[in-house]
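Novice: Quick one: structure below, then a few questions.
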Amino acid sequence: MKKISKNVGMYIVLIVLAVTLVNVFLAPEAKKTQGRELLSYSKFLSEVNAGSVAKVKIDHEELTGTLKDGGEFTTYILDASTLPAVIAEKGVEVEIVPPPKNSWITALLTSLLPTLLLIGVWIYFIYNMQGGGGKVMSFAKSKAKLFLDNRPKVTFADVAGCDEAKEELAEVVQFLKDPAKFTKVGAKVPRGVLLLGAPGTGKTLLSRAVAGEADVPFFSISGSDFVEMFVGVGAARVRDLFEQARKYQPCIIFIDEIDAVGRHRGAGLGGGHDEREQTLNQLLVEMDGFDAGAGIILIAATNRPDILDPALLRPGRFDRQVVVDRPDVNGRRDILKVHLREMKVEDDVDLDVLARRTPGFVGADLANLVNEAALLTARRDKEKLGMPEFEEAIDRVLAGPERKSRIISKKEREIIAYHESGHALVASKIKGADPVHKISIIPRGHMALGYTLQLPEEDRFLISRQELSDKITVLLGGRVAEMIRFGDVTTGASNDLERATQIARQMVTQYGMSDKLGLVTLGRKQHEVFLGHDIVDDRNYSEEVAHTIDLEIRAIVDGAMNKAKGILTENRERLEEITKLLLEKEMLEGDELDELLGYPKREHAEEKPQEEEKPGNKDENGEDKKDGEEKDEEPEDSVVGEETMSLSPNLEDGADNGKLNAPLDDGDEEKK
């Protein structure tokens, strides 16, 4: 409201100034011609010769006069030097006005007006760019939002799926509430806490929960808000932010996406004195400058810890790094509970089933899933969210909405059906493969003409050599089915081939799974200077080794193709049956596939606990371990890297296998 009143005041001043200028320069001119007849110069001379003019007044080029009958007129002349004598001979009274003497105020305004207008326009734009406040040069002021009485009402009860991270941050809350508890035993509370995790895992929500639990002032700012177009602004804003924080201590400063300002110094080609590095240097100085007992806690969040400057991560600055990981099955169930606690849900909705069917989903994905289900419920004029809406929402999130308007010919539809049936049949016949959850030939999303969705029965963090080979076999099942049925192949398997080759290459060069090359990793990672510390592969092996790598990759892929060909040839009748049923129904559930193949009813993980558990997945009480307990021992290049658990796959033509914890890509959902 205050800002609106200031803008109104500025507009009033501008209007008054405009009216004043009009009165000064234009009003006198209007008054001069008011009530007078405008005569042409020739008409004026005719009136003079006729003796009708009684009196004239010459003011430079303007001539005004009075006729003998009382009428007034105005005309304009070019040369006033000889005219007075001519009309005086006709008995006309002549008055000549001397040149005006302008006041110094008028002269000053006339000369300075353009400059003043330009300055005013410049001030106006700067005022709006900087948010006003009456401070024209307010570039150096921090853009951090301060929450006092309106601080976030979020608490740890609103955060689920990251119990370990909440435990770490609970100490920060206790320090802000009772610092003496730590200082009396000589403990130093971390000055900074860095939250690491994939996008959507809840890093910002956790920081707001800390502020809500501690009940202290909360400063929130994005890393990109420090840098402006003027040099030195970023460093000045960092100083101003910490000055404000000292006034409100104890308090919390939260910097979101700190990688925007904390990127590794010297990574680019701009030298060591660019604006971003000056801002980072000032941030490092300020983090060293405030006292550990001052009650100022700096919390930052990033999903790119690999590009942060080492000086920012050393003890004394960000002492503690908290990983906010993707939730496990129990975490996903708890997150769904949080999002559904204010909604009306049908009795058939089983959160355990939904948690099992959403591997790899982060908190933001689950929130989107619930919202999609709610939208579908409203679209169907229902009052409660049901299991069908959640199933459809999962398909929409994974593969996109149905493309009912896409017209596919009968021939192509048959090819797609055989392709998807090939994936499903191979996956069903391989012992230990993830169960097929759904097969569809309904076009979805941008490019998906069909898909086969496999879901793991449990969260997994390691994958064996045989399992990788089986994964390649399933990927090639679609192409082999096309070859067996039609004797020809299509472009639909392009994504299958790309991913199969990628898995085989990683088996050979990263995982040491090649008998010929042995237990070595091939290809060294180096830092790219142009894009700010990005990683690229550097070839550190000979041409002979490169040739061997190509042969090993081809051998792995060819072996998988032969295995898929053997399975489909041996079960040709089953392939035809699956394809026929798929063409008829367009979508098959996993239970329908099992019934067609003569398998016993599947004992889902959500219905019955697995009798055989992988070592390390259970604690001594037989309960599932939390997500973070397993990942602490996970090797750096393990198959559960961030890339493998991504949720929103970039759907392309030609794949099928919907398992989300695949080792190499953003979700194993196969698309034809």
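At position 386 of the sequence shown the residue is numbered 386 (the UniProt record's numbering), and the sequence of numbers has no breaks. For glycine and all other residues, C-beta sits at the position ideal for the given N, C-alpha and C.
(1) Is the region 303-323 touching the region 347-359, taking contact as three or more C-beta pairs under 8 Å?
(2) Can you give me the C-alpha to C-alpha distance between Asp632 and Cys162, rounded to a whole angstrom?
(3) Between Leu63, Asp256, Glu576, Thr82, which has its C-alpha nearest Lys145's C-alpha?
(4) I'd like to confirm the pairing. Which residues does DSSP put opposite Arg320 in its beta bridges?
(5) Grouping DSSP H, G and I as helix and E and B as strand, with all else coil, what is Arg356?
(6) Can you grab the Cα-Cα spacing for the pair Ala18 / Leu117, in whole Å?
(7) Looking at the unbroken alpha helix (DSSP H) that takes in Gln466, where does it start and where does it end?
(8) At what residues does the beta strand (DSSP E) containing Glu95 begin and finish?
(9) Quick check on DSSP: helix, strand or coil for Glu37?
(10) Which same chain residues, not among the five before or five after Leu476, have their C-beta less than 7 Å away from its C-beta?
(11) Taking 8 Å as the threshold, find out whether the region 423-437 comes into contact with the region 323-339 through three or more Cβ pairs.
(12) Using the C-alpha atoms, what's the distance from Ser52 back to Asp69?
(13) Thinking just about the alpha-carbon of each residue, which of Leu205, Thr509, Ala448, Gly200 is nearest to the one in residue 735?
(14) Any idea if Phe486 is buried or exposed, counting beta-carbon neighbours within 10 angstroms, 16 or more meaning buried?
(15) Tell whether a beta-carbon distance below 8 Å holds between Glu346 and Met287.
(16) For the candidate residues Ser207, Glu243, Gly432, whose alpha-carbon lies nearest to that of Lys153?
(17) With DSSP run on the structure shown, which of helix, strand or coil describes Lys614?
(18) Would you mind working out which of Thr473, Ala393, Arg505, Leu551 sits nearest Arg444, comparing C-alpha positions?
(19) In angstroms with no decimal places, state the Cα-to-Cα distance between Leu284 and Gly192.
(20) Compare the beta carbon distance of Leu583 and Glu412 with 8 Å and say whether it is the shorter of the two.
(21) Whole angstroms is fine: what's the gap from Leu575's alpha carbon to Val159's?
(22) Quick check: Ile431 and Leu453, are their CB atoms within less than 8 Å of each other?
(23) Would you call the region 462-474 and the region 502-522 in contact, with 3 or more CB pairs under 8 Å?
(24) Would you kindly work out how many angstroms separate the C-alpha atoms of Gly262 and Val227, rounded to a whole number?
(25) Taking the beta strand (DSSP E) that Tyr451 falls in, what are its first and last residues?
(26) Please report how far the alpha carbon of Ala209 lies from the alpha carbon of Leu169, in whole angstroms.
(27) Exposed or buried, Gln278, counting other C-beta atoms within 10 Å across all chains shown (16 or more means buried)?
(28) Just to confirm my understanding: we take Leu376, look at its own chain, exclude 5 residues before and 5 after, and list those with CB closer than 7 Å. What are they?
(29) Mapping the DSSP letters down to three states, classify His446 as helix, strand or coil.
(30) Do Lys203 and Ala301 have their C-beta atoms within less than 8 Å of each other?
(31) Cutting at 6 Å between CB atoms, please list the residues of its own chain near Val338, excluding the five before and the five after it.
(32) Using C-beta distances below 6 Å, list every residue in its chain close to Pro190, excluding the 5 sequence neighbours before and after it, in chain order.
(33) Using only alpha-carbon positions, find the residue among Glu592, Ile553, Ile96, Ala50 that is nearest to Glu498.
(34) Alpha carbon to alpha carbon, how far is Thr155 from Glu213?
(35) What would DSSP say about Gly492, mapped onto helix, strand or coil?
(36) Which value, in whole angstroms, describes the spacing of the CA atoms of Thr491 and His419?
Specialist: Short version:
(1) no
(2) The pLDDT assigned to Asp632 is 36, lower than 50, so where the model puts this residue is not dependable, and the model offers no usable value.
(3) Asp256
(4) According to DSSP, Arg320 shares a beta bridge with Val193.
(5) Note: Arg356 maps to helix in three-state DSSP.
(6) 11 Å
(7) 465-486
(8) Where Glu95 is concerned, the enclosing beta strand (DSSP E) stretches over 93-96.
(9) strand
(10) Asp496, Ala500, Ala560, Met561, Ala564
(11) no
(12) 8 Å
(13) In this structure the chain extends from 1 to 672, so residue 735 is not present and cannot be described.
(14) The Cβ neighbour count for Phe486, taken over all protein chains shown within 10 Å, is under 16; the residue is labelled exposed.
(15) No, the Cβ-Cβ distance between Glu346 and Met287 is not below 8 Å.
(16) Taking only the C-alpha atoms, the option nearest Lys153 is Ser207.
(17) Below a pLDDT of 50, predicted positions are generally treated as unreliable, and Lys614, at 36, falls in that range; the measurement from the model is reported next regardless. Three-state result, Lys614: coil.
(18) Ala393
(19) 11 Å
(20) Not a contact, by the Cβ cut-off of 8 Å.
(21) Approximately 47 Å, taken between the alpha carbons.
(22) At residue 431 the sequence reads Lys, which differs from the Ile that was named. Result no, Cβ atoms of Lys431 and Leu453 do not sit closer than 8 Å.
(23) yes
(24) 12 Å
(25) 451-454
(26) Answer to the nearest angstrom: the Cα atoms are 9 Å apart.
(27) buried
(28) Within the same chain, Leu376 has close Cβ partners Glu389, Glu392, Ala393.
(29) coil
(30) Yes, these two residues count as a Cβ contact at 8 Å.
(31) Ala160
(32) Asp319, Arg320
(33) Ile553
(34) 6 Å
(35) helix
(36) 11 Å
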